[in-house]
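The structure appears right after this line, and notes come after that.
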Amino acid sequence: MSKWPRLSASGAIGAIFMLALLVRLVMIAVWAGAGQEGRLSGDSDQLYQIAESLVEGKGFELYGAPTSRRGPLYPLLIAAWLKAGFYPSGLELAQALLGAFSCVLLFLIAKHLFRTSVGLLAAFLFSFDYLLVKQTVYILPETLFIFFILTSFYFLFKSQTDKRLLGSLAAGLFAGLAVLTKETLSLYFPLMVIYFFMEKKGWRRAILKSLIFLAAFTSTLAPWLVRNKQVYRDGIFLTINAGHVLYLGNNPQVTQRIHGGDWINEDDTQYPKDDPALPPLLSLEADRYLMGKAIDYIRRHPVVFFKNMGIKALRLWFPFYSKAQVLPKWIMTVSYLIVIPCSIIGLLLTRGRWREFLPIYLLVAYVTFIHSVTIPGIRYRYPVMPFLMIFAAYGMLEAWNQFRGRAGRLVVK
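Numbering follows this note's numbering, in which position 207 of the sequence shown is assigned residue number 217; successive positions increment by one, without gaps.
Next comes the structure, spelled out in structure tokens:
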């Protein structure tokens with residue numbers, strides 16, 4: 011009867027790290043060999059321009075003006091490698107290391123929630139996931155974003171047994187760093203304090219943990235918020251992005267189609283054309299103007315809004331990029347058909363532990379809801395995928411154990 015190899019904790023961590031790193035280094039080599047190193051897309055072009063302005067000593071600027079269009083941490087990472095003279099190879103190597111560390115974090119989380127075998131299989135799925143591995147060579151913040159999210163969740167789950175409350179502090183700190191990388195989860199992380207009240211260790215301790223988490227979270231965001239207040243002299247949260255993305259997902263030009271890929275301006279949607287009242291795009295004034303236009307459109311077309319929400323949810327969870335070549339499409343589809351059905355099985359098998367897994371449930375629901383309301387895209391689900399891999403690993407192993415048990419009984423009979 012086959013068994014999982016016996017590894018010490020340090021041996022398992024080392025094996026996972028080296029395997030994940032090797033896979034990502036191979037991706038870097040293949041990408042460079044294809045002449046694609048440092049290629050910029052729409053979002054990455056803005057991030058690169060902000061990084062260039064940082065290197066030039068101009069601060070966070072875009073198109074010659076101070077900006078809060080993007081969170082600060084990823085442009086800072088790009089700028090560090092530009093300044094060191096090792097861009098893009100240094101950035102890609104850093105992302106390979108972050109991806110490998112993320113696989114280790116996933117192993118530790120799954121081991122804590124279930125057992126070592128679940129952690130090993132979940133980390134294996136993460137190590138070889140085509141879409142997540144390919145983020146290593148993209149000039150996009152997803153790899154850094156996922157690393158901070160996993161670190162926050164690791165400390166959050168460890169806080170169950172942390173008598174010194176350091177887990178709550180660290181979870182809040184890394185949650186703040188995640189939001190400074192991408193603002194998408196800025197409304198999600200405060201919801202995580204609900205988890206502390208599910209531990210059945212008394213309201214007083216739950217309140218204390220919640221306050222520590224929120225204090226660490228807001229303290230991490232504070233310098234960026236203060237900077238934005240000084241730049242705009244007006245109420246602003248993290249980025250001037252919410253109105254833009256809400257409008258792009260809700261306007262008369264939205265194309266209703268189920269398709270795998272990003273939500274593209276001038277293809278799936280467009281900004282209002284020939285509108286004399288529209289301030290310059292990417293400005294605070296434009297963000298507020300577009301927010302108002304989007305809300306007005308939703309109010310006047312509620313049926314269309316809910317129909318589009320369903321279509322955008324399907325696009326968020328589409329198996330593959332429609333414009334990809336045949337082989338990558340097959341790779342994406344096979345991975346999808348392994349992880350998604352098996353994760354559903356795992357979620358169903360563990361439904362009795364819903365209090366323990368509440369932060370993960372909320373993350374899946376939040377990401378799906380936000381991108382159904384605003385704009386979808388396959389890469390926007392990436393932060394959720396590692397957690398689904400945990401449940402997929404559990405579902406696969408439980409199914410295997412059931413099959414092995416039945417096969418053994420048949421042999422005995």
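Idealized CB from N, CA, C, for every residue including glycine.
Cβ atoms of residue j and residue i: under 8 Å apart, would you say?
i, j, result
"L7", "A402", "One cannot answer for residue 7 here, as it falls past the ends of the chain, which runs 11 to 423."
"G81", "L248", "yes"
"I308", "F315", "yes"
"S54", "I149", "yes"
"S112", "I156", "yes"
"L300", "Y257", "yes"
"P386", "W273", "yes"
"V264", "D278", "yes"
"L57", "P76", "no"
"R391", "W327", "yes"
"L123", "F167", "yes"
"G182", "S169", "no"
"K339", "F330", "yes"
"A185", "S162", "yes"
"I120", "R34", "Before going further, note that residue 120 is Ala rather than Ile in the sequence given. In this structure, R34 does not lie closer than 8 Å to A120 by Cβ."
"R325", "H269", "yes"
"L292", "I348", "no"
"L195", "I222", "no"
"L398", "S353", "yes"
"G356", "Y281", "no"
What residues match up with residue i in a beta bridge as DSSP calls it?
i, result
"L72", "A75"
What does the Cβ neighbour count give for residue i, buried or exposed, with the cut at 16 atoms within 10 Å?
i, result
"V344", "exposed"
"L160", "buried"
"S51", "exposed"
"N411", "exposed"
"V128", "buried"
"K303", "buried"
"I88", "buried"
"A417", "Only weak support exists for where A417 lies, its pLDDT of 49 falling under 50; the value from the coordinates is given anyway. A417 should be labelled exposed."
"I217", "exposed"
"V383", "buried"
"R414", "exposed"
"L197", "exposed"
"R174", "exposed"
"E375", "Strictly speaking, residue 375 in this sequence is Ala, with Glu absent from that position. Exposed is the call here."
"D306", "exposed"
"G24", "exposed"
Less than 7 Å between the CB of residue i and some heavy atom of the ligand ADP, yes or no?
i, result
"L31", "What this structure holds is no ligand at all, so the ligand ADP is not there to describe."
Inset, instruction - Starting from the N-terminal side, write out each stretch of the alpha helix (DSSP H) that is 4 residues or longer and does not extend beyond the region 329-409. - result: Positions of the alpha helix (DSSP H) runs, each at least 4 residues long and wholly inside the region 329-409, are given as 336-359 and 368-383 in order along the chain.
Inset, instruction - Evaluate the contact criterion for the region 29-41 versus the region 136-152: three or more CB pairs, one atom per stretch, below 8 Å. - result: The region 29-41, when compared against the region 136-152, does touch it at the 8 Å Cβ threshold.
Inset, instruction - At 4 residues or longer, and completely inside the region 252-283: list those alpha helix (DSSP H) runs for me, N to C. - result: You should have 252-259.
Legend entry - Inside the region 170-257 only - alpha helix (DSSP H) runs reaching at least 4 residues: Runs of the alpha helix (DSSP H) inside the region 170-257: 176-191 and 213-242.
Legend entry - Cβ pair count under 8 Å reaching 3, the region 184-191 against the region 223-233: By the Cβ rule, the region 184-191 counts as touching the region 223-233, because three or more pairs are nearer than 8 Å.
Inset, instruction - May I ask you to verify whether the region 25-34 touches the region 121-138, counting CB pairs closer than 8 Å and requiring at least 3? - result: Taking one beta carbon from each stretch, the region 25-34 and the region 121-138 have 3 or more pairs nearer than 8 Å; the two touch.
Legend entry - Validate contact between the region 201-210 and the region 364-372 using beta carbons, cut 8 Å, 3 pairs: Below 8 Å, enough C-beta pairs join the region 201-210 and the region 364-372 to call them touching: three or more.
Inset, instruction - Decide if the region 355-366 is in contact with the region 74-93; the criterion is three or more beta carbon pairs, one per stretch, under 8 Å apart. - result: With the cut-off at 8 Å, the region 355-366 and the region 74-93 do not touch.
Legend entry - Contained beta strand (DSSP E) runs [length at least 3] in the region 71-127, N- to C-terminal order: Listed in chain order, nothing qualifies, since the region 71-127 has no complete beta strand (DSSP E) run of 3 or more residues.
Legend entry - Inside the region 284-327 only - alpha helix (DSSP H) runs reaching at least 4 residues: Qualifying alpha helix (DSSP H) stretches, in chain order: 294-310 and 312-326.
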